[in-house]
Each structure stands twice: as structure tokens, then as C-alpha cells.
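Protein chains in written order, with our numbering: chain A, 1 to 196; chain B, 1 to 196.
Data first, discussion second: the structure below is written as C-alpha cells.
There are 2 protein chains.
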Amino acid sequence: MKKSMGAKTLLYPTPVLVVGSYDAEGRPNAMTAAWGGIACSRPPCITVSLRAATASHGNITARKAFTVSLPDRSQAAQADYFGLVSGHNVDKFAATGLTPVAAEFVDAPFIAEFPLVLECELVQVHELGLHTQFIGEVKDVKIEERCLDAEGPLDIRRLDPIACALGDATAGYYALGELLGGAYSIGKPLIADADS
Amino acid sequence: MKKSMGAKTLLYPTPVLVVGSYDAEGRPNAMTAAWGGIACSRPPCITVSLRAATASHGNITARKAFTVSLPDRSQAAQADYFGLVSGHNVDKFAATGLTPVAAEFVDAPFIAEFPLVLECELVQVHELGLHTQFIGEVKDVKIEERCLDAEGPLDIRRLDPIACALGDATAGYYALGELLGGAYSIGKPLIADADS
Numbered sequence: 001m002k003k004s005m006g007a008k009t010l011l012y013p014t015p016v017l018v019v020g021s022y023d024a025e026g027r028p029n030a031m032t033a034a035w036g037g038i039a040c041s042r043p044p045c046i047t048v049s050l051r052a053a054t055a056s057h058g059n060i061t062a063r064k065a066f067t068v069s070l071p072d073r074s075q076a077a078q079a080d081y082f083g084l085v086s087g088h089n090v091d092k093f094a095a096t097g098l099t100p101v102a103a104e105f106v107d108a109p110f111i112a113e114f115p116l117v118l119e120c121e122l123v124q125v126h127e128l129g130l131h132t133q134f135i136g137e138v139k140d141v142k143i144e145e146r147c148l149d150a151e152g153p154l155d156i157r158r159l160d161p162i163a164c165a166l167g168d169a170t171a172g173y174y175a176l177g178e179l180l181g182g183a184y185s186i187g188k189p190l191i192a193d194a195d196s
Numbered sequence: 001m002k003k004s005m006g007a008k009t010l011l012y013p014t015p016v017l018v019v020g021s022y023d024a025e026g027r028p029n030a031m032t033a034a035w036g037g038i039a040c041s042r043p044p045c046i047t048v049s050l051r052a053a054t055a056s057h058g059n060i061t062a063r064k065a066f067t068v069s070l071p072d073r074s075q076a077a078q079a080d081y082f083g084l085v086s087g088h089n090v091d092k093f094a095a096t097g098l099t100p101v102a103a104e105f106v107d108a109p110f111i112a113e114f115p116l117v118l119e120c121e122l123v124q125v126h127e128l129g130l131h132t133q134f135i136g137e138v139k140d141v142k143i144e145e146r147c148l149d150a151e152g153p154l155d156i157r158r159l160d161p162i163a164c165a166l167g168d169a170t171a172g173y174y175a176l177g178e179l180l181g182g183a184y185s186i187g188k189p190l191i192a193d194a195d196s
């Protein structure tokens, strides 16, 4: 039996996106956004949604670029901190001891210690209400070599990304658990069933 | 040491969004989208990105509505199947034995057996390239009562949502693992550090 929860953004899990940008004086900032994700395969595009009140919103609007750094399990507290305080008031890199590095292809900084980084050029901006959606075309992805397996592809266990649950749920960060099956794979027996 | 992976959509984890829509004759369809997420808190908006070749793309464009049904751990194979075959060719509900139910607030069907459903009215459409991004305003969320805890909020462990990893990684579906800490909480000691 289903119960109505009203009109809310209850969707699980979400990725934890630490968004890097420079201000007008070239000072690096980073903030954690829970709203965003992948939006297009070709060209590769991702989105982050930010409130106009944030320092990052102004930075990205002016510089037309941002990065997304993905924390691993050991960096959940630092990622949470990046979402708790405003870059208007604090130098978050100084407070956390993390290192801003200039991206190679876009005008924004990423977090050196985080294992996966997407460098994005701003391509579209959409006003949705409280949040503005920034769409970035991914110009490059950088990953710690220790997160690659012997054959080269990214090993999700070595990356050890974290997922988030907000909204009406107990708000928390989660590790990835058990592998349930392969994508484009575990559903194939149902095709055979349908054909028979 | 970081290695460049090129311009790709490597972002983890992503939610598993089973998108429901009606065709011109009112036949229900559902397809699994890995690209999408939350986009705005007020009004509550989510996104799904679909290729123009999909039946769902045409359905949503015509009907201005869609639902997103979230599978749990036991439904990963069914969710995978909904992404493997096209609604142009197959009645996916008949093949899986799942039940389409008309949404209460929008002109689209949801999957009765899946534990969490978002009913969405189409509010914006953005062409990004291979994928079109559909932005839906959430008109209602419905959840199985067994997924609520005694006090009413959603219990993530009872919901048991699945996460996805695609791209250069070994493509798979994952359960949620260990709770690492509370959101807006585990980062607070870093504020104290910065103030001291």
C-alpha cells in the first residue's frame, strides 16, 4: 500500500558533488552540491544545481567554468564541511587543509586529494526556482591511478565513492554496498522469457 | 598521481530511474534512465535525460508528463530489463509481469510493485546533444508504507534503493552499504577547528 508524501525531491541515492570555482580575485572556492548528475553522453555533460545566494553561483556565472571533485569514503566529513559553510565568509581550503589545483582545460580549481575530478565548461544555465541549474560540458576527467585496475578501467571498489540520502529520510552519507549484478546484463533472462 | 581519462561522463554513483509514460494510444511504457537526478528544491524538480530514438522521448514530449519509479534491491533485474529493450517493439509490463498504475496527479503510469514513485509534470526541455533533458516538477511522491519508520520519515534501509555505476567502470548495480555519517553533521567539527 502506497502513502502520499506530497510534492518533494525524494530520490535516492544522489552523488556527492564538490563543485570548484574561482572568484573575481582568483581565490579558489568549493561547495558540496547534492543536486546534480549526468545529463548527456555526447557531448559529455553533467549538471549541478546551486542557489543564487552561494558564492559558487556567482563564480560560475562569471568564469563560465567549474569542476566537480568526488570524495571517497575517508573524505565524507570534508565533503560535508564544504556544504555547511559559505565561501563568502571562509577560506574552506585553509580550514580543511585540502589543496586547490588549477584545472588543465577550464578556468576553475579542483581538489587535489579527492580521487576523481571532472573539468567542465559552462554551456547552459536554467532558472528553475530556488536553484539554478548549471550544465557543464566535461572537457576532461582525471583519476588517481590507484583507482584503476590492472587493465585500465576504473575500479569502483578502489574509487570507493560515497552516496547521499537527503529529504524526508535520515540525512546521511553511505558507502556502496554489495554488487547486485551487471548493468545491461542481469535483465537479459527476462528478454528470453518474453520471447519464449 | 592523477591520470587523464579524457572527456567522459564518469560520475558515481547514479540513481536508477525507471521512467513511466503513455503513448498516443494510452499504452503504458517504462524505460530505465541512468542519466538524471534532482535539480531544484522549490518547486521540487527532477530531471531525466533520454535519447530521441526512445519511445519514452516521444511519449513525454506529447503528454507533458512522466513518472519515475525507483526499484529496490530485489527489482534490479527488472530495472535492467526496462533499459535493455525498446517500448517501440515490446510491451515491457507484459514481459516482466509488473503492473502499470495511472498516476494520481499527472498523465503517466507508474510501476505498482516499485516502492517509491515521483509523479512529474514536464516544465522544461533542453537539447544537449545525443540526449534531451526533461525537467519535471514533482507533483506528488508515493511510497510503500513498509518503507516508513515508526515516526513517519522514510527509512533508507527499508526502501533499499539501488545505485548504478556505468562508463569506464565495470557496469553494475549496487546496494547501499555502511552509513558513514550524518549529512550537515559529520563536517561540523571542521567548523570548530577553523574557528579555534
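For every residue, glycine included, the Cβ atom is placed at its ideal position computed from N, Cα and C.
All values reported here derive from a predicted model rather than from experimental measurement.
Query                                                                                                              : Result
Best match in A/P44, A/K142, A/V125 and A/L180 for proximity to B/K2 [C-alpha to C-alpha]                          : A/K142
Straight-line gap, A/G129 to B/V123 (C-alpha atoms, nearest Å)                                                     : 12 Å
Contacts of A/L116 in chain B (Cβ-Cβ under 7 Å)                                                                    : L10
Top-ranked residue by Cα proximity to A/C40, from B/R42, B/A33, B/S41 and B/S69                                    : B/A33
Span of the alpha helix (DSSP H) around B/D80                                                                      : A76 to L84
C-beta contact flag for A/P189 and B/A77 at 9 Å                                                                    : yes
CB contact check: B/F82 to chain A, cutoff 9 Å                                                                     : yes
A/L166 to B/G58 span [Cα, whole Å]                                                                                 : 32 Å
Local conformation of B/G97 per DSSP, three classes                                                                : coil
Nearest candidate by alpha-carbon position, reference B/E25, set B/A108, B/Y173 and B/H131                         : B/A108
CB of B/E137 within 9 Å of CB of B/P43, strictly                                                                   : yes
Counted within 10 angstroms of its Cβ, other Cβ atoms place A/V125 as buried (16 or more) or exposed               : exposed
Burial state of A/S56, where buried means 16 or more other Cβ atoms lie within 10 Å                                : buried
Residues near B/P100 by beta carbon distance below 8 Å, same chain, minus five either side                         : G20, P28, A30, F93, P109, F110, I111 and A112
Under the three-state DSSP convention, the category B/P13 falls into                                               : coil
Residues that A/H126 bridges to, as DSSP identifies them                                                           : A/Q133
Buried or exposed by the 16-neighbour rule on C-beta atoms within 10 Å, applied to A/E119                          : buried
Nonlocal neighbours in the same chain, by C-beta distance under 6 Å from A/C45, ignoring five residues either side : A39, I135 and E137
Neighbour list for A/K156 in chain B, Cβ cutoff strictly below 9 Å                                                 : The amino acid at residue 156 of chain A is misidentified as Lys; the sequence shows Ile. Those within 9 Å of A/I156 in chain B are Y12, P13, A165, A169, T170, G172 and Y174.
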